[in-house]
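Each remark here refers to the structure printed beneath this line.
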Amino acid sequence: MTLFLLASMQASYNIVLVAYLIAIGLDDVRDLQQIREVRDSNGKQLGYKPISGALKVISNEVTIATVKRAFPYLAKKQECVPGLKGVVLRRVAQLDFISVSNDAEIVSDCGLRVKLFPVYHGGKYISLGFEFGQRGEFVYISDVSALPKSSMDYLRKIPRIKILVVDCLQIKKHTTHFNYDEAVAFVDELQPRLAYFVGASCSLGDANEVQARLDKLCKVDEEGKRSGLNIKLAYDGETIPTLMALS
Numbered sequence: 100m101t102l103f104l105l106a107s108m109q110a111s112y113n114i115v116l117v118a119y120l121i122a123i124g125l126d127d128v129r130d131l132q133q134i135r136e137v138r139d140s141n142g143k144q145l146g147y148k149p150i151s152g153a154l155k156v157i158s159n160e161v162t163i164a165t166v167k168r169a170f171p172y173l174a175k176k177q178e179c180v181p182g183l184k185g186v187v188l189r190r191v192a193q194l195d196f197i198s199v200s201n202d203a204e205i206v207s208d209c210g211l212r213v214k215l216f217p218v219y220h221g222g223k224y225i226s227l228g229f230e231f232g233q234r235g236e237f238v239y240i241s242d243v244s245a246l247p248k249s250s251m252d253y254l255r256k257i258p259r260i261k262i263l264v265v266d267c268l269q270i271k272k273h274t275t276h277f278n279y280d281e282a283v284a285f286v287d288e289l290q291p292r293l294a295y296f297v298g299a300s301c302s303l304g305d306a307n308e309v310q311a312r313l314d315k316l317c318k319v320d321e322e323g324k325r326s327g328l329n330i331k332l333a334y335d336g337e338t339i340p341t342l343m344a345l346s
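Residue numbers (this note's numbering): 100 to 346.
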């Protein structure tokens, strides 16, 4: 689910980036925030006291508007307990919605650069891709069937992407996602140092067999130097190598 791209990073950087208007699970963002129960002297629960502050939710105007309609209770000011300043009645995510353009470049409160770029998620339906950090450090495209020329031109101009995370749903062609051949061709065109495939369905095949197939696209010589494509199937809970290790 695109909402939680780099979730562990977002918890630290106080930011959530939403790629497109389907944002089921937004309630769960509250688990990234610090909040404590407030009780009276008899132990009766009165409400909740947010500690960590609102989490920024950043996307394009269409996505933000749709999220607000789907989760109106997250978009409005929370009702407070009478007489207790800052204590809310319900434990819900504290969010600050921010609309930006499809190709915006923003900097988080702690200095993390994030560049957005539009991609197609079936027909001309716009989803968003993200570039984190310095030019080409980490590129994330989780829901894509094709890219506009402007986005491909932007990515081609990056000298070399260090880590590329890209959509790969299945073997057969699909209307809204890259299939295996399209994802491999995309990686081949951009030639990142390391690529991860995400969003695979069961129809992609056995993970070990798919990885073995991907490994054949990469060759290592006697000195340990790689050539070809270095592609891995991502898995839940995986830790990405530090960017410094790929310098």
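Idealized CB from N, CA, C, for every residue including glycine. Model, not experiment: these values are computed from the prediction.
- Excluding five sequence positions before and after I205, the CB atoms of its chain that fall closer than 6 Å to its own CB belong to V213, given in chain order.
- For R138, the three-state secondary structure derived from DSSP is strand.
- CA-to-CA, the gap between Y147 and I339 works out to about 35 Å.
- Counting C-beta pairs closer than 8 Å gives fewer than three between the segment 209-224 and the segment 169-178, which falls short of the contact rule.
- Per DSSP, reduced to three states, the secondary structure at K331 is strand.
- By the Cβ neighbour-count rule, V161 is exposed, with fewer than 16 other Cβ atoms within 10 Å of its own.
- A contact is defined here as three or more CB-CB pairs under 8 Å, and the segment 329-338 meets this definition with respect to the segment 283-299.
- Going by beta carbons, F170 and L227 fall outside the 8 Å limit.
- Partner residues in the beta bridge of V265, as assigned by DSSP, are I240, F296.
- With a cut-off of 8 Å on Cβ pairs, the segment 249-258 is not in contact with the segment 274-284, counting fewer than three such pairs.
- One alpha carbon belongs to G235, the other to I260, and they sit about 4 Å apart.
- Around the beta carbon of N201, a 10 Å sphere encloses 16 or more other beta carbons of the protein chains shown; the residue is thus reported as buried.
- Shown here, P171 sits in a helix according to DSSP, grouped into three states.
- Around G222, the same chain offers no residue with a beta carbon nearer than 6 Å, after the five sequence neighbours per side are excluded.
- As DSSP reads the structure, K315 sits in no beta bridge.
- Annotation note: the segment 171-257 contains the following uninterrupted alpha helix (DSSP H) runs of length 4 or greater, listed N- to C-terminal: 171-174, 248-255.
- Under the DSSP assignment, L289 falls in the alpha helix (DSSP H) whose first and last residues are 279-289.
- Excluding sequence positions up to five before and after A245, its CB lies within less than 6 Å of the CB of Y219, all in the same chain and listed in chain order.
- Under the three-state reduction of DSSP output, I163 falls in the helix class.
- Pairing A192 with L145 gives a Cβ-Cβ distance that is not under 8 Å.
- Put simply, of S198, F277, S326, T274 the residue whose alpha carbon is nearest the alpha carbon of D314 is S326.
- Between I270 and G304, the gap from beta carbon to beta carbon is short of 8 Å.
- In terms of Cα proximity to P291, the closest of K143, S207, C317, C209 is C317.
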